[in-house]
Amino acid sequence: MSLEKYEPVIGLEVHVQLQTKSKIFCSCSTKFGAEANTQTCPICLGLPGSLPVLNEQALYYGIKAGIALNCHIAERLKFDRKNYFYPDLPKAYQISQFDMPVAYRGWLMIETKDGNKKIGITRAHLEEDAGKLIHEGIKDASVVDYNRCGTPLLEIVSEPDLRTPEDAYEYLTTLKAILEYLEVSDCNMDEGSLRCDANVSIRLRGAEKFGTKAEIKNLNSFKAVAKSIQYEIERQAEVLESGERVIQETRLWNDEKGQTISMRSKEEAHDYRYFPEPDLVPFTISRQRVEEIRKTLPELPQAREERFLRDYKLSNYDAHVLVSDKKHADYFEQAIRAGADPKKVSNWLTSELFGLLNTRKETLDTCKVSAKALSGLIQLIDKQVISGKIAKEVLPIMVETGKDPETIVKEKGLVQVTDTKFLEDIAKKIIEVNPKSVADFKSGKTAAIGFLVGQMMKETKGKANPALANQILEQQLKKS
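As structure tokens, this is what we get:
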């Protein structure tokens with residue numbers, strides 16, 4: 359089956375938990391991991407007579423995110439009741455924003471293999487989260503934890519401008535980076551701070567009318583988003599190729615089976631019976647306040663990437679990788695401020711340190727190697743105290759123990775050998791026991807010296823200065 363005749367149309371709905379200390383309409387804590395149902399009150403449980411009060415910090419974060427996403431910020435705001443029943447929604451309605459969201463008509467730029475692409479943002483609205491149903495370890499029942507009820511969310515809805523799973527992955531990566539730079543959310547998907555639903559449909563290439571969409575829920579990673587979208591594109595194409603029609607429905611992603619599974623039909627739109635929240639009056643946001651918030655915006659990822667390219671002369675790839683995670687970019691610049699060369703820091707961070715951390719299933723948050731320590735390791739190479747090869751032996755010890763590189767080098771006796779007389783004696787010995795390589799070198803096969811240098815490094819257990827060893831070998835070969 360060829361997919362070339364079809365064009366995917368993809369839109370994403372991203373729910374972001376805002377990093378406030380208390381909930382959106384009450385003073386209960388939002389701290390993750392507390393004992394079930396210990397962070398509740400009459401307001402977030404929806405008990406009769408309780409009255410919600412808007413958390414100003416949540417509103418501030420919503421406006422801040424809206425500005426960073428190039429949105430229009432509403433002058434007049436109101437909240438609405440979205441009515442539906444579910445066991446983890448104690449009020450049987452959710453306080454959300456229907457027709458007057460805090461931010462609307464924005465965009466963000468993503469990098470694709472075909473160049474930069476602008477993705478529209480339909481809206482970003484504030485709402486409260488529901489509780490959490492728990493099924494695991496419970497026989498013939500479910501229990502509910504209401505701690506999450508009332509946690510402030512910002513739902514960011516994209517235009518259907520995405521066309522490939524790769525576009526969707528890049529959009530989410532870019533969006534996550536912006537939110538982390540703003541420090542409005544920790545975007546921790548493991549704790550549910552960032553959740554995503556994908557709307558996917560396909561149409562014949564060149565057609566204007568959208569196809570029938572399926573909404574994919576239960577996506578707990580960006581990779582799952584990309585894989586589920588690819589599966590759904592192929593599934594819908596098979597349905598159309600068989601002469602049947604795609605049904606509008608909600609589907610769940612099963613990561614183990616690598617497929618989407620029908621959850622419920624949405625042939626008819628759900629009537630949420632939205633109406634204005636009577637306990638929260640509409641209010642106005644002054645343009646002065648919006649401009650004050652605009653001035654608090656930090657350097658955002660795109661601007662930082664441009665600066666990394668300009669000031670540090672990094673490759674486009676390295677700059678993009680570093681900037682896509684604020685903690686990585688901060689660590690990188692801390693290492694530079696400690697005295698190391700930018701390009702060398704980039705190489706050691708992205709290739710060596712990240713590789714070790716991935717193997718150990720760690721992150722920079724848990725890493726024992728400080729930016730200053732990594733900078734120190736690089737500077738030991740520059741000062742020819744150790745070779746790059748020795749440094750690659752030192753770094754894993756740093757990751758394991760947290761010791762600084764100077765201490766490890768001293769304890770292990772790894773200081774680079776630069777004693778010319780000592781290296782000359784080693785070179786003579788290597789030449790004597792490798793007559794074939796010597797003959798190859800003298801017959802014009804200059805690559806043979808690489809083997810001989812390798813033998814010198816082996817003889818000195820990697821401690822010889824490679825450049826000096828190469829120089830001395832050439833001298834001794836000419837003499838011989």
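Residue numbering for the sequence shown follows my numbering, beginning at 359 and increasing consecutively.
We put the CB at the ideal spot given by N, CA and C, even for glycine.
Note that this is a predicted model, so its numbers are computed, not measured.
Which partner residues of residue i appear in the DSSP bridge assignment?
{"i": "Val502", "result": "Leu491"}
{"i": "Asn578", "result": "In DSSP, Asn578 forms no bridge with anything."}
{"i": "Ile514", "result": "Val372, Ala482"}
{"i": "Phe641", "result": "Leu435"}
{"i": "Val367", "result": "Ser559"}
{"i": "Phe799", "result": "Answer by DSSP bridge pairing: none, since Phe799 is not bridged."}
{"i": "Phe633", "result": "Arg439"}
{"i": "Ser387", "result": "Ser380"}
{"i": "Leu520", "result": "Ile368"}
Is it right to say residue i is buried, meaning 16 or more other beta carbons lie within 10 angstroms of its own, or is it exposed?
{"i": "Gln455", "result": "buried"}
{"i": "Ile536", "result": "buried"}
{"i": "Phe437", "result": "buried"}
{"i": "Tyr842", "result": "Absent from the model: residue 842. The displayed extent of the chain is 359 to 838, so no value can be given."}
{"i": "Gln646", "result": "exposed"}
{"i": "Val411", "result": "exposed"}
{"i": "Leu491", "result": "exposed"}
{"i": "Phe383", "result": "buried"}
{"i": "Asn623", "result": "It should be pointed out that residue 623 corresponds to Ser in this sequence rather than to Asn. Exposed, since its Cβ has fewer than 16 Cβ neighbours within 10 Å."}
{"i": "Thr717", "result": "exposed"}
{"i": "Pro659", "result": "buried"}
{"i": "Gly569", "result": "buried"}
{"i": "Val639", "result": "exposed"}
{"i": "Ser745", "result": "buried"}
{"i": "Gln833", "result": "exposed"}
{"i": "Asn474", "result": "exposed"}
{"i": "Asp519", "result": "buried"}
{"i": "Tyr442", "result": "exposed"}
{"i": "Pro763", "result": "buried"}
{"i": "Arg439", "result": "buried"}
{"i": "Arg662", "result": "buried"}
{"i": "Ser733", "result": "buried"}
{"i": "Asp683", "result": "buried"}
{"i": "Thr398", "result": "buried"}
{"i": "Leu562", "result": "exposed"}
{"i": "Ser586", "result": "buried"}
I'd like the list of long-range same chain contacts for residue i, defined as Cβ closer than 8 Å, with 5 residues on each side in sequence excluded.
{"i": "Lys730", "result": "Gln692, Ala693, Ala696"}
{"i": "Ser500", "result": "Pro445, Leu491, Ile492, His493"}
{"i": "Leu466", "result": "Leu427, Asn428, Lys476, Ile477, Ile479, Tyr529, Thr532, Leu533, Ile536"}
{"i": "Ala584", "result": "Pro523, Glu524, Ala526, Tyr527"}
{"i": "Ala488", "result": "Tyr444, Asp446, Leu447, Gln452, Arg506, Cys507"}
{"i": "Ile591", "result": "Leu361, Tyr364, Pro366, Pro523, Val558, Ile560"}
{"i": "Val767", "result": "Leu738, Val743, Ile744, Ile748, Val752, Val773"}
{"i": "Leu667", "result": "Asn674, Ala677"}
Spatial neighbours of residue i within its chain, please: C-beta separation below 6 Å, excluding the five flanking residues on both sides.
{"i": "Tyr689", "result": "Leu722, Ala729"}
{"i": "Ile425", "result": "Arg652"}
{"i": "Gly420", "result": "Val460, Leu484, Leu512"}
{"i": "Gly760", "result": "Lys726"}
{"i": "Met815", "result": "Ala822"}
{"i": "Ser551", "result": "Gln375, Ser543, Asp544, Cys545"}
{"i": "Pro656", "result": "Tyr539"}
{"i": "Ile830", "result": "Leu781, Glu782, Ala785"}
{"i": "Gln813", "result": "Ile788"}
{"i": "Ala806", "result": "Ser795, Asp798, Phe799"}
{"i": "Val515", "result": "Glu371, Thr480, Arg481"}
{"i": "Val604", "result": "Thr570, Gln594, Val597"}
{"i": "Ile755", "result": "Ile766"}
Give me, in chain order, the residues of the same chain whose beta-carbon lies closer than 7 Å to that of residue i; leave out the 5 immediate sequence neighbours on both sides.
{"i": "Ala825", "result": "none"}
{"i": "Pro400", "result": "Ser408"}
{"i": "Leu463", "result": "In the sequence as displayed, the identity of residue 463 is Arg instead of Leu. The residues are Cys429, His430."}
{"i": "Ala392", "result": "Asn505"}
{"i": "Glu549", "result": "Phe390"}
{"i": "Glu433", "result": "Thr642, Ile643"}
Please decide whether residue i counts as near chain C, where near means a Cβ-Cβ distance under 7 Å.
{"i": "Ser387", "result": "Protein chains in the displayed structure number just one, and chain C is not present."}
Three or more C-beta pairs below 8 Å linking the stretch 360–368 and the stretch 557–573: yes
Whole beta strand (DSSP E) elements within the stretch 417–500, 3-residue minimum: 438–441, 451–454, 461–470, 473–486, 490–492
Every unbroken alpha helix (DSSP H) inside the stretch 548–625 [4 residues or more]: 580–599
Three or more C-beta pairs below 8 Å linking the stretch 501–520 and the stretch 371–380: yes
Completely contained alpha helix (DSSP H) runs for the stretch 729–771, where each covers 4 or more residues: 729–740, 746–759, 763–770
Given 8 Å, three or more beta-carbon pairs between the stretch 596–611 and the stretch 563–583: yes
Beta strand (DSSP E) runs wholly inside the stretch 651–675, at least 3 long, in chain order: Here no run is fully enclosed.
Stretch pair the stretch 591–603 + the stretch 627–637: three plus CB contacts closer than 8 Å: no
Cβ pair count under 8 Å reaching 3, the stretch 696–708 against the stretch 669–682: Pairwise C-beta distances place the stretch 696–708 in contact with the stretch 669–682, as three or more of them are shorter than 8 Å.
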